[in-house]
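**Q**
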Amino acid sequence: MKQQEILKKLSIINVKNKLGLEELFSKKDIIYVKCPFCNSEKGTMKLNVTNNSYICKNCEARGYAIGLYAKCNYISNKEAYHKLINCDADISNNLVTSTTTNTKKNDEELDIVYQAFLDSLILDSNHTMKLLQYGFSIEEIERIGFKTIPTKDSQKVEICRKLIEKGIDLDGIPGFYRDKKFRWNFKSHEGIFIPIFQNCKIIALRIHLDKEYNTDTTDIWFSSSQDNNGTKQNNNIMVIYPENNRIQIMSDNQENRDIIVVSEMILAYKIASRFKNNIIIRSTKCYSKN
């Protein structure tokens, strides 16, 4: 099965349509539906098509696409995954986005920018200790390339300025945007940058947050789709496989490989470094193949 087929089948839009959730209105990357748990007549449940999460502001039900399908059908997440994978996807929706984004650069250009960007950053002692507590060795931390995310505007603007001085073009790079003073800047949260590889090139950055979002996720994409001259990171579900202790996003010509479908990259890296190609992850829960 090709990557794009898997992405569609596991998307929150497909789950919404499979469950027959009534779509009341949409705004940017959010679809508002009637909550199937508290039966609110208003659109209290938000479906986020960027990270495939859901949350109801009325009953506070929350989680991700596979879990939503599982709860509504009274089955396990594992059963829900198999049912979704084995059925045709229905991704029709009325989603309207008013934000104009730049066209994303190709993988070669993304790799050049992200390599230079990460080279300009450091990993502070607190995050080093945190990664050691997760079970990483110093060698693994250095090889993977974790970096602490700067959060001060002045520092971020200066980093961008130095990149541009080196001839780096930030236009069309997810995560970067122009601020109100039309200076190049980048999205930041307190946490750690995680490089995501495809064919040995960094084609995206994942953010491991110091504090969880209200949807109970610790990982989000480095993306700037809602900012001036920003660019969207489109890979809302990762279909990945471990190779040489790095996480690689699967491409269509690798469809027969053992794969990982995961939302939390720290966990994925740990499993990849320990088990190589002998593990499958479904929504951060592990199922060994043997």
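Numbering-wise, the sequence shown is residues 1222 to 1511 according to the working numbering. Glycine included, every Cβ here is placed at the ideal spot set by N, Cα and C.
1) What does DSSP give as the partner residue(s) for Val1206 in the beta ladder?
2) For Ser1358, does the three-state DSSP call read helix, strand or coil?
3) For Cys1277, count the other beta carbons within 10 Å of its own beta carbon; 16 or more makes it buried, fewer makes it exposed. Which is it?
4) Given this structure, state the Cα-to-Cα distance separating Gly1393 from Thr1324, to the nearest angstrom.
5) Between the C-alpha atoms of Ile1385 and Asn1420, what's the straight-line distance to the nearest angstrom?
6) Quick one, are the C-beta atoms of Asn1416 and Lys1453 less than 8 Å apart?
7) Quick test of your reading: Thr1372 and Asp1345, contact by CB under 8 Å. State the CB separation rounded to the nearest angstrom.
8) Could you please give me the residues that DSSP links to Leu1305 through a beta bridge?
9) Using 10 angstroms around the beta-carbon of Ile1389, count the other beta-carbons present and answer buried if the total reaches 16, otherwise exposed.
10) In the structure shown, what three-state DSSP assignment does Tyr1335 receive?
11) Could you check how far apart the C-beta atoms of Arg1399 and Asn1327 are, in whole angstroms? I think they sit under 8 Å.
12) For Cys1381, which of helix, strand or coil comes out of DSSP?
13) Tell me the DSSP secondary structure of Gly1284 in three-state form.
14) Excluding the 5 residues preceding and the 5 following Asp1250 in the sequence, name in chain order all residues of the same chain whose CB lies nearer than 7 Å to its CB.
15) Note down, in chain order, each residue of its chain lying with its Cβ closer than 6 Å to the Cβ of Leu1342, except the 5 sequence neighbours on either side.
16) Spatial neighbours of Lys1239 within its chain, please: CB distance less than 8 Å, with the 5 preceding and 5 following residues excluded, ordered by chain position.
17) First and last residue of the beta strand (DSSP E) that includes Ala1425?
**A** In brief:
1) Within the shown structure, residues of the chain are numbered from 1222 to 1511, placing residue 1206 beyond reach of any answer.
2) For Ser1358, the secondary structure class from DSSP, reduced to helix, strand or coil, is coil.
3) Burial is judged here by how many other beta carbons sit within 10 angstroms of a residue's own beta carbon; Cys1277 has at least 16 and is buried.
4) So the two alpha carbons sit approximately 5 Å from each other.
5) CA-CA distance, Ile1385 to Asn1420, rounds to 26 Å.
6) Strictly speaking, residue 1416 in this sequence is Pro, with Asn absent from that position. Between Pro1416 and Lys1453, the C-beta gap is not smaller than 8 Å, which leaves the two residues out of contact.
7) At roughly 12 Å, the Cβ-Cβ gap does not stay under 8 Å, so Thr1372 and Asp1345 are not in contact.
8) Paired residues: none, contrary to the question.
9) Sixteen is the threshold: when 16 or more other Cβ atoms of the shown chains lie within 10 Å of the Cβ of Ile1389, as they do, the residue is buried.
10) Tyr1335: helix per DSSP, three-state reduction.
11) Arg1399 to Asn1327, Cβ: 21 Å. No contact.
12) In the structure shown, Cys1381 sits in a helix (DSSP, three-state: H, G or I).
13) The DSSP-derived three-state label of Gly1284 is strand.
14) Excluding residues up to 5 positions away in sequence, Asn1269, Val1270, Thr1271 and Thr1318 lie with their Cβ nearer than 7 Å to the Cβ of Asp1250 in the same chain.
15) Closer than 6 Å at Cβ, skipping near neighbours: Lys1368.
16) These residues qualify, in order along the chain: Tyr1290, Leu1305, Cys1308 and Asp1311.
17) Following the DSSP letters along the chain, one finds Ala1425 inside the beta strand (DSSP E) bounded by residues Lys1422 to Leu1430.
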